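A.B. asks:
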Amino acid sequence: MRNQDKRMNSQSLAVDPFDYVLFGGGGDLAERKLLPALYHRDRDGQLPAEARVIGVSRTARTDEDYRAFAQEALKAHVAVGDLDSDVVARFVSRLHYLSVDALGESGWDELKAFLDGVEPGRIRAFYLAVSPTIFGDIAAKLAAKGLVTEQTRLVIEKPLGRDLASAKALNDAIATHFREDQVFRIDHYLGKETVQNLMALRFANVLYEPVWNSNFIDHVQITVAESVGLESRAGYYDKAGALRDMVQNHLLQLLALVALEPPAAFEANAIRDEKLKVLRALKPIDERNVGHLTVRGQYSAGASPDGAVKGYLDDLGEAQSDTETFVAIKAEINTWRWAGVPFYLRTGKRLTKRASEIVVTFRPIPYSIFDDSTGHIAQNRLVLRLQPGEGVKQWLMIKNPGPGGMRLRYVPLDMTFAEAFNVRHPDAYERLLLDVIRGNQSLFMRRDEVEAAWEWVDPILQSWGEIDLKPQGYTSGTWGPSGSIALIERDGRTWHEPD
Ligand code: BG6
772 MRNQDKRMNS QSLAVDPFDY VLFGGGGDLA ERKLLPALYH RDRDGQLPAE
822 ARVIGVSRTA RTDEDYRAFA QEALKAHVAV GDLDSDVVAR FVSRLHYLSV
872 DALGESGWDE LKAFLDGVEP GRIRAFYLAV SPTIFGDIAA KLAAKGLVTE
922 QTRLVIEKPL GRDLASAKAL NDAIATHFRE DQVFRIDHYL GKETVQNLMA
972 LRFANVLYEP VWNSNFIDHV QITVAESVGL ESRAGYYDKA GALRDMVQNH
1022 LLQLLALVAL EPPAAFEANA IRDEKLKVLR ALKPIDERNV GHLTVRGQYS
1072 AGASPDGAVK GYLDDLGEAQ SDTETFVAIK AEINTWRWAG VPFYLRTGKR
1122 LTKRASEIVV TFRPIPYSIF DDSTGHIAQN RLVLRLQPGE GVKQWLMIKN
1172 PGPGGMRLRY VPLDMTFAEA FNVRHPDAYE RLLLDVIRGN QSLFMRRDEV
1222 EAAWEWVDPI LQSWGEIDLK PQGYTSGTWG PSGSIALIER DGRTWHEPD
């Protein structure tokens, strides 16, 4: 099928006219994710003619400079086959640039005049692609300069604090100027296709929900493996580590979606209420059990899919660091539905390959009517693959086809979305950026969710310090430290190896 046909026009509804203001508009996130995502939405016919994108930062630039920057960004981050010169021209003509000193006075009046120069009531979204240390200051400035209208939204992204106290302080600073329904806290994992499919599988089918509990589910694994290392983020990452960077947000959000009770409606607050209950029901991990239920690791020199790589300390350029680049946790949820069902979480950098998946393993059959010669009866497994190669596999036992008697075989019902539906996979940001304009907060974290996640993570961080649990080394290109294997094998289970 031609590339053209892979667009999603038929499913894409145009949104209302908007102005997207990108603070940090000349930065890395804008270049790699935000501008390409908006371009794709434009290409799919979803942006109304009036829509504008305004890059903002302190650097002096003209509109033309910014358009040239955007064109380069699209060249670098959009697949060649998706670059249509007419759409690129239309998209860059929407772009404007204003130099604004986020913490000072210059540029704000110009920004206000620019935004006020359209019909009243136009949706405006301020995306803060800047250091979280100035989120509160920018929120205050936007309010003080009269830029916050009824139709204004604020978009922010992690790190949302580095512990519960700082997350609360940040949320308070923002709440002084924005109502909660105006605040869109991005967790880009929630924008991934398979994550939403989890909701469809669970609540648009009758098959799963009756067995979605401790009577039928043995355990759940959530793996978010990366093959990249520190990249150019030493300053941030070494102060954060994998628990703050990945578990507090992405992995706990995935866990909450797997475990939530059926929401009363597919509506933002109904879904978020249920996620919150899961996060609050997580069994506490503290100095009494942290050594048993968590594993920290740090990569050493080894291999990546692209060849030999250095260890974390060399990447960092320091002789010493106790930051973990890998974490595995055995989590449990203290509810009737989930009592006794472990949720094994693991994430790390410089692992064997980039692969993220949620694996739900069902209990063994209670009794086998087959004799040993028919073969081993494996436990049913539902594998939700987030990336790469989004899709769902339901592993089942079937009869081996053909003559020769009854022999059993374990096979997947395989639904690899891109192949099954012949669509291009939208990047998570495409969906999320336009959900902001639609005012749909279903895929964004509410304040109380962020705080509940920190409430569970804080004691883990503290008790690592108290019992002085140092990260174990692991060779780059492996699945992490041996302790991670022991964590699950102690329970008679093994990590599911991603394809
Ligand atoms: C970010 C983390 O939130 O997610 C990064 O800060 C990580 O450290 C990234 O690399 C992974 O995202 P994705 O979409 O590539 O899996």
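Per my numbering, the sequence shown starts with residue 772, numbered consecutively.
Every residue gets a Cβ at the ideal spot worked out from N, C-alpha and C, and that includes glycine.
Bear in mind the structure is a predicted one, so any value in this text is a computation, not a measurement.
Identify, in the order they occur along the chain, each residue of the same chain with its Cβ nearer than 6 angstroms to the Cβ of E1032, setting aside the five sequence neighbours on each side.
C.D. replies: On the sequence shown, position 261 is the one that residue 1032 refers to. Excluding positions up to five away in sequence, the list reads E1045.
A.B. asks: With respect to 7 angstroms, is the separation between the Cβ of D790 and the closest non-hydrogen atom of ligand 1 below this value?
C.D. replies: Reading the sequence shown from its first residue, position 19 is the one you call residue 790. No, ligand 1 has no heavy atom inside 7 angstroms of this Cβ.
A.B. asks: For A801, which residues of its own chain have a beta-carbon under 8 angstroms away from its beta-carbon, when the five flanking residues on both sides are left out?
C.D. replies: Mapped onto the sequence shown, residue 801 falls at position 30. Correct list, in chain order: L793, G795, G826, A844, A900.
A.B. asks: I think G731 touches G1251, with their Cβ atoms under 8 angstroms apart; what is that distance to the nearest whole Å?
C.D. replies: Outside the displayed range of the chain (772 to 1270) lies residue 731, so it cannot be described from this structure.
A.B. asks: Taking the beta strand (DSSP E) that P1183 falls in, what are its first and last residues?
C.D. replies: On the sequence shown, position 412 is the one that residue 1183 refers to. P1183 -> beta strand (DSSP E) spans 1179-1187.
A.B. asks: Do F987 and R1108 have their beta-carbon atoms positioned less than 8 angstroms apart in this structure?
C.D. replies: Numbered from its first residue, the sequence shown carries residue 1108 at position 337. Numbered from its first residue, the sequence shown carries residue 987 at position 216. Contact flag unset, no.
A.B. asks: From the DSSP output, which residues share a beta bridge with Q1158?
C.D. replies: Taking the first residue of the sequence shown as position 1, residue 1158 is located at position 387. Answer is S1127, bridged to Q1158.
A.B. asks: Just verifying my parser: in three-state terms, what is the DSSP assignment at L809?
C.D. replies: Within the sequence shown, residue 809 is the residue found at index 38, counting from 1. If DSSP states are grouped into helix, strand and coil, L809 belongs with the helices.
A.B. asks: Nearest-angstrom Cα distance between D1057 and L935?
C.D. replies: Mapped onto the sequence shown, residue 1057 falls at position 286. Mapped onto the sequence shown, residue 935 falls at position 164. So the two alpha carbons sit approximately 15 angstroms from each other.
A.B. asks: With distance defined between alpha-carbon atoms, name the residue in L1205, I1100, R1195 nearest to V991.
C.D. replies: For the purposes of this step, residue 991 is taken as residue 220 along the sequence shown, with counting starting at 1. Per the Cα distances, I1100.
A.B. asks: Taking Cβ positions, are E1095 and L1014 nearer each other than 8 angstroms?
C.D. replies: To locate residue 1095, count along the sequence shown from 1; it is residue 324. To locate residue 1014, count along the sequence shown from 1; it is residue 243. Yes, the pair counts as a contact, with Cβ atoms nearer than the cut-off.
A.B. asks: Excluding five sequence neighbours on each side, which residues of the same chain lie with their C-beta closer than 7 angstroms to the C-beta of R1209?
C.D. replies: On the sequence shown, residue 1209 is found 438 positions in, with the first residue counted as 1. Around R1209: V786.
A.B. asks: Spatial neighbours of R778 within its chain, please: CB distance less than 6 angstroms, with the 5 preceding and 5 following residues excluded, ordered by chain position.
C.D. replies: Residue 778 sits at position 7 when you count from the first residue of the sequence shown. Low confidence applies here, because R778 scores a pLDDT of 45, under 50, leaving its location unreliable and the question unanswered by this model.
A.B. asks: Any chance the stretch 961-981 sits against the stretch 889-908, with 3 or more Cβ pairs inside 8 angstroms?
C.D. replies: With contact defined as three or more Cβ pairs closer than 8 angstroms, the stretch 961-981 and the stretch 889-908 are not in contact.
A.B. asks: Considering Cα atoms alone, identify which of L886, T1187, S828, M1177 is closest to Q1165.
C.D. replies: In the sequence shown, counting from the first residue as 1, residue 1165 sits at position 394. Taking only the C-alpha atoms, the option nearest Q1165 is T1187.
A.B. asks: Given a cut-off of 8 angstroms on the beta-carbon distance, is the pair D836 and L866 in contact?
C.D. replies: Looking up residue 836 in the sequence shown gives position 65. Looking up residue 866 in the sequence shown gives position 95. Their beta carbons are not under 8 angstroms apart, which means D836 does not touch L866 by this criterion.
A.B. asks: Please go through the same chain and pick out, in chain order, the residues whose beta-carbon is closer than 7 angstroms to the beta-carbon of G962, but skip the five residues on each side of it.
C.D. replies: As a working mapping, residue 962 is identified with position 191 in the sequence shown. Closer than 7 angstroms at the Cβ level, and outside the excluded window around G962, lie A1199, Y1200, R1202, L1203, L1214.
A.B. asks: Could you tell me which residues DSSP pairs with T994 in its beta bridges?
C.D. replies: On the sequence shown, position 223 is the one that residue 994 refers to. Beta-bridge pairing links T994 to R1117, E1128.
A.B. asks: Compute the minimum distance between the beta carbon of E1226 and the heavy atoms of ligand 1, and state whether it is under 7 angstroms.
C.D. replies: Position 455 of the sequence shown, counted from the first residue, corresponds to residue 1226. Every heavy atom of ligand 1 is 7 angstroms or more from the Cβ of E1226, so no.
A.B. asks: According to DSSP, which residues form a beta bridge with K1101?
C.D. replies: Along the sequence shown, read from residue 1 onward, the residue named residue 1101 stands at position 330. In DSSP, K1101 forms a bridge with Y1115.
A.B. asks: Whether or not the stretch 1003-1023 and the stretch 922-933 are in contact is what I'm after, with contact meaning three or more pairs of Cβ atoms, one per stretch, closer than 8 angstroms; do they touch?
C.D. replies: yes
A.B. asks: Given a cut-off of 8 angstroms on the beta-carbon distance, is the pair V1061 and G1000 in contact?
C.D. replies: The sequence position of residue 1061 within the sequence shown is 290, counting from 1. The sequence position of residue 1000 within the sequence shown is 229, counting from 1. In this structure, G1000 does not lie closer than 8 angstroms to V1061 by Cβ.
A.B. asks: Determine whether the beta carbon atoms of S1071 and T1246 lie at a separation below 8 angstroms.
C.D. replies: By one-based count along the sequence shown, residue 1071 stands at place 300. By one-based count along the sequence shown, residue 1246 stands at place 475. A contact, by the Cβ cut-off of 8 angstroms.
A.B. asks: Taking Q817 as the reference, which of G1248, G1176, A1223, D1206 has the closest Cα?
C.D. replies: Position 46 of the sequence shown, counting from 1, holds the residue named residue 817. Here the closest residue by C-alpha is D1206.
A.B. asks: Please confirm whether Y960 has its beta-carbon closer than 8 angstroms to some beta-carbon of chain C.
C.D. replies: Absence of chain C from the displayed structure is noted, only one protein chain being present.
A.B. asks: Using a threshold of 7 angstroms, is the CB atom of M1216 nearer than that to any non-hydrogen atom of ligand 1?
C.D. replies: Counting from one through the sequence shown, the residue named residue 1216 turns up at place 445. Answer for M1216: no, Cβ out of range of ligand 1.
A.B. asks: Please classify S781: is it buried, with 16 or more other beta-carbons within 10 angstroms of its beta-carbon, or exposed?
C.D. replies: Counted from its first residue, the sequence shown places residue 781 at position 10. Its pLDDT being 43, under 50, S781 is placed unreliably by the model, and the measurement read from it follows with that caveat. Exposed is the call here.
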